[in-house]
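Numbering (full-length UniProt numbering), first residue to last: 1 to 268. Note that beta-carbon positions come from the ideal geometry of N, C-alpha and C, so glycine has one too. In what follows, a structure is listed as C-alpha cells, so that the remarks can point back to it.
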C-alpha cells in the first residue's frame, strides 16, 4: 500500500509534525504491523527535513510504543500499540474546537492539582516550583525556552500533588498544548504580557506556599482564563464562574504579598 506522505511546513517543532504524519500512516494501515519504516534518508527527503528531525520523530513514536528499532536494520511498526498509550493527534489540534477542548481538559486537571499541591507540597516541591519560575523569568517571552519553563512550573505543581497519574496525565496534555502553540507560531512578544503571566504564577505559588487550597484553585482558574485569551482560545469556559472568579481575585489581594528577589522576581 502506497504511503501518503507530504513535506511538512516549516516550524519550530518539526519532529512533532513528522511523528503525527507517520502515526496517521500506521493508524490507517498504510504502515502495517511489522512493516519496516523507510530509511532516515528517504524519510528526510520525503518530508523535506533533516535526518536529526527524523530521528527525533522516530524516538517519539518509539516512546509511544508505535515502533521499535533494531540496530543496523532500522525501525519497524509494532505489532500493536500498548493499550495504555494515550495519543492526541497533533494535526487535529489545528482545529479550533479540538484545541479548545484540550485546553479545557487541561484546566480541569490544573485547578484540582493546584489545590492538592497546596495541601501536600513539601519544602523541596516549593524549591522546584521557584526554580522553574526563575527560569521562566529569565527567558524571552514566547520563546521555546519560555514555553518549556512555563510547562515546568505546571509540572512541578502537579508533582507536588504526590499523585503520579496526575503528573503523567497533566504533563502529556500540557505538552500537546505547548507543541500546538509552537507549531502554529501563536506567540506574543509583549513584555507587559510577560509580567502579567509571571504575576499570575506568583499568585499561584504564593497560595500553594501558604497551604491555601481554595486560593490556589482561584489563582489557577484566573491564570488559565488569561492563558486561554493569550493563545487565542475563544468561547466561554464551560463554567462562567471561572470569569467571575478571575474578577474576584483581581479585587482581593493575596493573603501573602509575594516578595521578589532583585534578579529574577520570584517568590521566596
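Reduced DSSP secondary structure (H/G/I, E/B, other) of residue i
i: residue 77; result: strand
i: residue 143; result: coil
i: residue 177; result: helix
i: residue 217; result: helix
i: residue 49; result: coil
i: residue 67; result: strand
i: residue 195; result: helix
i: residue 28; result: coil
i: residue 239; result: Reliability of the predicted coordinates at residue 239 is poor, the pLDDT of 47 falling under 50, and no value is obtained from them.
i: residue 247; result: At residue 247 the pLDDT is 46, less than 50, meaning the model places this residue with poor confidence; the figure from the coordinates comes in the next sentence. Residue 247: helix per DSSP, three-state reduction.
Option in the options with minimal Cα separation from residue i
i: residue 158; options: 213, 18, 113; result: 113
i: residue 73; options: 148, 35, 108; result: 35
i: residue 161; options: 63, 51, 149, 216; result: 216
i: residue 42; options: 32, 33, 30, 55; result: 55
i: residue 59; options: 100, 168, 143, 19; result: 19
i: residue 205; options: 28, 128, 168, 97; result: 128
i: residue 192; options: 31, 137, 168, 119; result: 137
i: residue 195; options: 218, 180, 134; result: 134
i: residue 166; options: 117, 231, 208; result: 117
i: residue 30; options: 77, 233, 225, 69; result: 77
i: residue 207; options: 225, 139, 115; result: 115
Separation of residue j from residue i, as counted between CA atoms
i: residue 163; j: residue 223; result: 22 angstroms
i: residue 146; j: residue 67; result: 31 angstroms
i: residue 102; j: residue 108; result: 10 angstroms
i: residue 14; j: residue 124; result: 35 angstroms
i: residue 49; j: residue 38; result: 14 angstroms
i: residue 46; j: residue 40; result: 10 angstroms
i: residue 211; j: residue 197; result: 22 angstroms
i: residue 111; j: residue 221; result: 6 angstroms
i: residue 148; j: residue 132; result: 9 angstroms
i: residue 218; j: residue 174; result: 19 angstroms
i: residue 120; j: residue 130; result: 16 angstroms
i: residue 44; j: residue 57; result: 11 angstroms
Cβ neighbour criterion (16 or more within 10 Å) applied to residue i
i: residue 172; result: exposed
i: residue 141; result: buried
i: residue 27; result: exposed
i: residue 143; result: exposed
i: residue 51; result: exposed
i: residue 23; result: buried
i: residue 152; result: buried
i: residue 200; result: buried
i: residue 180; result: buried
i: residue 32; result: exposed
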